[in-house]
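Data first, discussion second: the structure below is written as structure tokens.
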Amino acid sequence: MERPTIHAICIGDELLDGTVHDLNLAFLGGFVRDRGLKLSGATFVPDDQSAIVSALNATDASILVISGGLGPTADDVTRDAAAAWQKVEVIEDPPTLKLLQTRFESRGYRFTDNNRRQACFPEQAEILHTEVGSAPGFQIRSEERRALFFPGVPREFQWFCETHLKLDARPGFRSRLYFHGIGESGLETKLRGIREFTDQGLRVGFRAAYPTLELKLTSKDAELLARARAFALTAIGAWNIGEDDEHIAERVGRLLASEGNTVTTAESCTAGGIAAAITDVAGSSSWFERGFVTYSNEAKSEMIDVDAGVLESFGAVS
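Residue numbers (the numbering used here): 48 to 365.
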């Protein structure tokens, strides 16, 4: 079976003017990746009907995932753009209207006239009802492709992906290793020998996300992946601080617990960030004692016994 090509279209003025940081594309990329596929591309467009139609026409991907613009207000023009794209009318769906009115009533909300827009869809579209939020989605199918229109609210978008975005999964095997204290170029240099594995189908990716570097290994062959992972850890294991879902705080906690040791933090400019990262780890109460946030010089002297003379002579940030 031919692998589908998947293209994302993210709609919203707020995504282009810096007001909102888009979360949907990151979720969709991971959702698709976990099924052994990948996005062929992504397009960001404003709440403008002609711009949306142009974006829909500009890609020949077999699956389009469109987020945003399905709300009740005048700037939510995605349904109108989808209808213009298909050269059909937007029509109201009475069962959806009744469902919306009942939902609003049960929650004690007033159903205003503009809420009727969320019961309107391009003619012949397949309506995708929701169990989160109020905005239904819809799907337009043809012989060549399908276009799925989902709400842009991240929690709702994720629910729609998990419920309505059906993909033929081709899962592979993946390992992520995290490193600190070595630069990206140094990391790649020490991994020169990994070509032996890439020649056999292993895929290698690097990502710098301060303060760590991520090495991602992907293969359809579990045994090949295991050998490549062992090679990587032998070559650069001294800088390894975590793997897969285990990040540095979890690694530190596991090592402390194995030795029966504990940790206490004293912070200033980090304002408790280190303690927060530690206490985000389940079970950290067994190895984290306490944390001090000593922002003023007086607090540094009184709470963690920093010599006041040192602070006067060299400053707090020294």
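In this text, a Cβ means the ideal position worked out from N, Cα and C, and glycines have one as well.
| query | Is the number of C-beta pairs between the region 49–65 and the region 75–89 that are closer than 8 Å three or more? | reply | Counting C-beta pairs with one atom in each stretch, the region 49–65 and the region 75–89 have three or more that are closer than 8 Å, which means they touch.
| field | Stretch pair the region 265–275 + the region 308–316: three plus CB contacts closer than 8 Å | value | Short answer: they don't touch.
| field | Start and end residues, beta strand (DSSP E) containing K263 | value | Where K263 is concerned, the enclosing beta strand (DSSP E) starts and stops at 259–266.
| message | Taking the straight line between their C-alpha atoms, what separation do you get for D69 and L62? | response | If I take the Cα positions, the gap works out to 6 Å.
| field | Cβ neighbour criterion (16 or more within 10 Å) applied to Y225 | value | Burial call: buried.
| query | Skipping 5 residues on each side, what residues in its chain have a beta carbon closer than 6 Å to that of K347? | reply | If we look at K347 and ignore the five residues flanking it on each side, its Cβ neighbours are T341, V353.
| Three-state secondary structure (DSSP) of G370 | Nothing can be reported for residue 370, as the shown portion of the chain is limited to 48 through 365.
| message | Considering just the uninterrupted stretch of the alpha helix (DSSP H) at H211, what are its terminal residues? | response | Note, H211: alpha helix (DSSP H), 201–211.
| Can you tell me the Cα-Cα spacing of N344 and I351, whole angstroms? | Rounded to whole angstroms, N344 to I351 spans 10 Å at the Cα level.
| said: On the CB-based measure, 16 or more other CB atoms within 10 Å of its CB, does V79 come out buried or exposed? | reply: With 16 or more Cβ atoms within 10 Å of its Cβ, V79 is classed as buried.
| field | G77 versus H294: straight-line alpha-carbon distance, rounded | value | Each residue's alpha carbon lies about 18 Å from the other.
| said: Taking its Cβ as the centre, do 16 or more other Cβ atoms sit within 10 Å of N71, making it buried, or is it exposed? | reply: By the Cβ neighbour-count rule, N71 is buried, with 16 or more other Cβ atoms within 10 Å of its own.
| request: Could you have a look at T317 and say whether DSSP puts it in helix, strand or coil? | output: Coil at T317, not helix or strand.
| query | When DSSP builds the beta bridges, which residues end up paired with V310? | reply | As a beta-bridge residue in DSSP terms, V310 pairs with F335.
| Nearest candidate by alpha-carbon position, reference R250, set L234, K237, R223 | Relative to the Cα of R250, the nearest Cα in the group L234, K237, R223 belongs to R223.
| said: At a threshold of 7 Å, does S348 count as lining the ligand ZN (C-beta to nearest heavy atom)? | reply: Questions concerning the ligand ZN fall outside what the structure shown contains, since it holds no ligand whatsoever.
| query | Whose C-beta lies closer than 8 Å to the C-beta of A318 among residues of the same chain, with five residues either side of it excluded? | reply | Residues of the same chain with a CB within less than 8 Å of the CB of A318, apart from the 5 flanking positions on each side, are V340, Y342 in chain order.
| request: Under the assumption that I58 contacts I113 (Cβ atoms under 8 Å), give the Cβ distance between them as a whole number of angstroms. | output: Between I113 and I58 the Cβ distance is about 7 Å, and since that is below 8 Å, they are a contact.
| field | Simplified DSSP state of T9, which is helix, strand or coil | value | The chain is shown only over 48 to 365; residue 9 falls outside these bounds and no answer can be derived.
| query | Helix, strand or coil: how does DSSP classify R193 here? | reply | The three-state reading of DSSP puts R193 in strand, counting E and B together.
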